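K.L.:
Following this message is one structure expressed as structure tokens.
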Ligand code: PLP
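Now the structure itself:
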């Protein structure tokens with residue numbers, strides 16, 4: 011009864027993000043969640059489900075960590091909000107900025123805070139354009155991003171996103187965004203054609219998430235770093251999914267030994283317990299900003315450095331550190347990749363990929379010709395897995411057919427095995443119906 015009542019109100023009043031609206035209005039919500047613990051979510055009808063994607067690749071420490079609730083409550087009780095505009099500050103945001111600098115590589119030491127990934131990327135796009143403007147190169151404005159990249163839905167972020175349906179949703183986009191495939195040759199050709207003097211920055215996720223968990227070609231980012239240096243193009247790493255341990259490294263770009271000029275972050279900084287993100291800039295960018303400009307940084311959100319969000323993020327990072335969770339990502343990452351390999355070998359209908367607790371299996375009707383099934387297998391497997399107690403994620407943009415995994419960092423070996431065995435059984439069942 012509770013479900014029906016809530017579902018009716020949901021249909022009536024709630025416009026859902028990334029949801030087929032007409033279908034939703036007819037059918038109503040699928041699951042109405044009420045609580046979570048570890049890798050599990052519970053819904054209002056009492057079902058317990060494995061959250062195989064950490065919800066939106068973000069609940070990294072796992073569900074139900076009430077310490078974060080205590081941190082939020084204590085901070086709100088003391089100071090619910092105060093502004094960080096005009097140089098004012100407060101303790102949690104200062105401590106968080108310092109903590110982030112400890113986590114980031116190289117000379118990336120200074121953070122501008124936002125409420126999420128889209129805002130972080132828009133902030134980076136404005137910052138790099140401002141940077142070139144004050145350095146006397148106002149034509150360096152174009153931003154290069156990659157096919158199948160996902161950078162969010164604010165106007166700049168959506169314009170940089172290489173997954174087409176997101177861009178096609180609206181009629182006009184922000185200007186000056188270019189999309190390149192994942193070959194170095196194409197990147198070089200694009201820079202040649204557009205002229206390096208017109209290009210402000212290159213942005214990429216270390217491993218693409220929403221685009222299907224796509225690791226880069228061998229040596230790709232090492233080469234991109236060189237090309238950016240040679241052409242005076244700033245390198246922005248969108249670490250919204252990979253950042254803070256998902257790949258078994260502090261940041262995804264660490265996997266390739268590449269230090270970007272700017273890191274954009276969100277999700278994992280607070281494990282989703284509070285909406286917070288940020289853009290971290292290198293000392294050299296910071297110095298340039300100061301050297302060439304003494305005006306205002308005309309960019310800031312009311313919630314840039316929200317005290318409660320900062321306190322929650324600090325507690326989250328403390329938990330990851332104290333519980334040695336990144337080591338668990340490495341260990342359980344191996345188990346997950348082993349499990350995906352098992353699925354690949356057993357079913358002979360997919361290719362696996364990934365690193366750490368980020369993985370995927372992509373389905374093909376014919377592994378050699380890369381012919382697809384008429385209807386995506388991944389979506390069918392997700393439906394079967396739900397019946398077996400696993401909340402899964404299928405990715406079908408760009409004509410692909412991929413099942414993605416990004417479970418919470420606290421997952422155990424036994425839980426990885428349960429997850430793989432549910433998927434195994436689900437694939438088996440789908441196979442019988444093909
Ligand atoms: N960048 C990446 C790599 C993401 O995966 C996402 C969200 O999925 C974003 C940016 C956008 O972040 P948000 O949804 O917090 O605005």
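Residue numbers (UniProt numbering): 11 to 444.
For each residue, glycine too, the CB sits at the ideal point set by N, CA and C.
The structure presented is a predicted model; accordingly, all values stated were derived computationally and were not measured.
Can you tell me which of 257, 59 and 34 puts its alpha carbon nearest to the alpha carbon of residue 45?
P.N.:
Per the Cα distances, 59.
K.L.:
Measuring CA to CA, which of 28, 42 and 30 is closest to residue 19?
P.N.:
Residue 42 is the option with its Cα nearest to residue 19.
K.L.:
Grab me the residues of residue 193's own chain with a C-beta within less than 8 Å of its C-beta, minus the 5 sequence neighbours each way, in chain order.
P.N.:
So the qualifying residues of the chain are 227.
K.L.:
For residue 39, does the count of other Cβ atoms within 10 angstroms reach 16, so buried, or fall short, so exposed?
P.N.:
Classification of residue 39: buried, given that the 10 Å Cβ count is 16 or more.
K.L.:
Quick one: is the Cβ of residue 334 within less than 7 Å of any heavy atom of ligand 1?
P.N.:
Flag unset: Cβ of residue 334 not near ligand 1.
K.L.:
Which partner residues of residue 365 appear in the DSSP bridge assignment?
P.N.:
BP columns for residue 365 point to 368.
K.L.:
Quick check on the burial criterion: 16 or more other C-beta atoms within 10 angstroms. Buried or exposed for residue 338?
P.N.:
Residue 338 comes out buried.
K.L.:
What is the rounded straight-line gap between the Cα of residue 304 and the Cα of residue 284?
P.N.:
Their Cα atoms are separated by approximately 33 Å.
K.L.:
Determine the DSSP secondary structure at residue 83, reduced to helix, strand or coil.
P.N.:
Residue 83 falls in the helix class under three-state DSSP.
K.L.:
With DSSP as the reference, label residue 352 as helix, strand or coil.
P.N.:
Correct three-state label for residue 352: helix.
K.L.:
Looking at C-alpha atoms only, which residue of 159, 162, 158 and 166 is the closest neighbour of residue 152?
P.N.:
Nearest of 159, 162, 158 and 166 to residue 152, Cα basis: 166.
K.L.:
Taking the continuous alpha helix (DSSP H) assigned at residue 435, which residues delimit it?
P.N.:
Element bounds for residue 435: 423-443.
K.L.:
Are there 16 or more other CB atoms within 10 angstroms of the CB of residue 442, so buried, or fewer, so exposed?
P.N.:
When all chains shown are included, residue 442 counts as exposed.
K.L.:
Under the three-state reduction of DSSP, which class applies to residue 340: helix, strand or coil?
P.N.:
In the structure shown, residue 340 sits in a helix (DSSP, three-state: H, G or I).
K.L.:
Going by DSSP, name the residue or residues bridged to residue 20.
P.N.:
According to DSSP, residue 20 bridges with nothing at all.
K.L.:
Is the CB-CB distance between residue 282 and residue 28 below 8 Å?
P.N.:
Against a cut-off of 8 Å, the Cβ pair of residue 28 and residue 282 comes out as no contact.
K.L.:
Mind checking whether residue 315 and residue 135 have CB atoms under 8 Å apart?
P.N.:
In this structure, residue 135 does not lie closer than 8 Å to residue 315 by Cβ.
K.L.:
Near residue 141, which residues of its chain fall below 8 Å by C-beta distance, leaving aside the five closest residues on each side in sequence?
P.N.:
Around residue 141: 210, 244, 295, 298 and 299.
K.L.:
Grab the span of the beta strand (DSSP E) containing residue 252 for me, first residue to last.
P.N.:
Residue 252 -> no beta strand (DSSP E), and no H or E assigned at all.
K.L.:
Would you say residue 366 touches ligand 1, meaning its beta carbon is less than 7 Å from a heavy atom?
P.N.:
The answer is no for residue 366.
K.L.:
Which of the three DSSP states, helix, strand or coil, is assigned to residue 420?
P.N.:
Of the three classes helix, strand and coil, the one that applies to residue 420 here is coil, per DSSP.
K.L.:
Comparing the CB of residue 62 with every heavy atom of ligand 1, is any distance shorter than 7 Å?
P.N.:
No, since every heavy atom of ligand 1 falls outside the 7 Å radius drawn around the Cβ of residue 62.
K.L.:
Taking the Cβ atom as the reference point for each residue, do residue 432 and residue 409 lie within a distance shorter than 8 Å?
P.N.:
No, Cβ-Cβ distance for residue 432 and residue 409 is not below 8 Å.
K.L.:
Thinking just about the alpha-carbon of each residue, which of 391, 424, 397 and 403 is nearest to the one in residue 434?
P.N.:
Considering only alpha carbons, the answer is 391.
K.L.:
Let me check you understand the geometry: is the CB of residue 446 closer than 7 Å to at least one non-hydrogen atom of ligand 1?
P.N.:
For the chain, the structure presents residues 11 to 444; residue 446 sits outside this window and is missing.
K.L.:
Nearest to residue 196 by CA position, among 25, 157 and 325, is which residue?
P.N.:
The shortest C-alpha separation from residue 196 is found at 157.
K.L.:
From residue 47 to residue 74, what distance separates their C-alpha atoms?
P.N.:
Taking the straight line from one Cα to the other gives about 5 Å.
K.L.:
What is the DSSP secondary structure of residue 213, counted as helix, strand or coil?
P.N.:
Strand, per DSSP.
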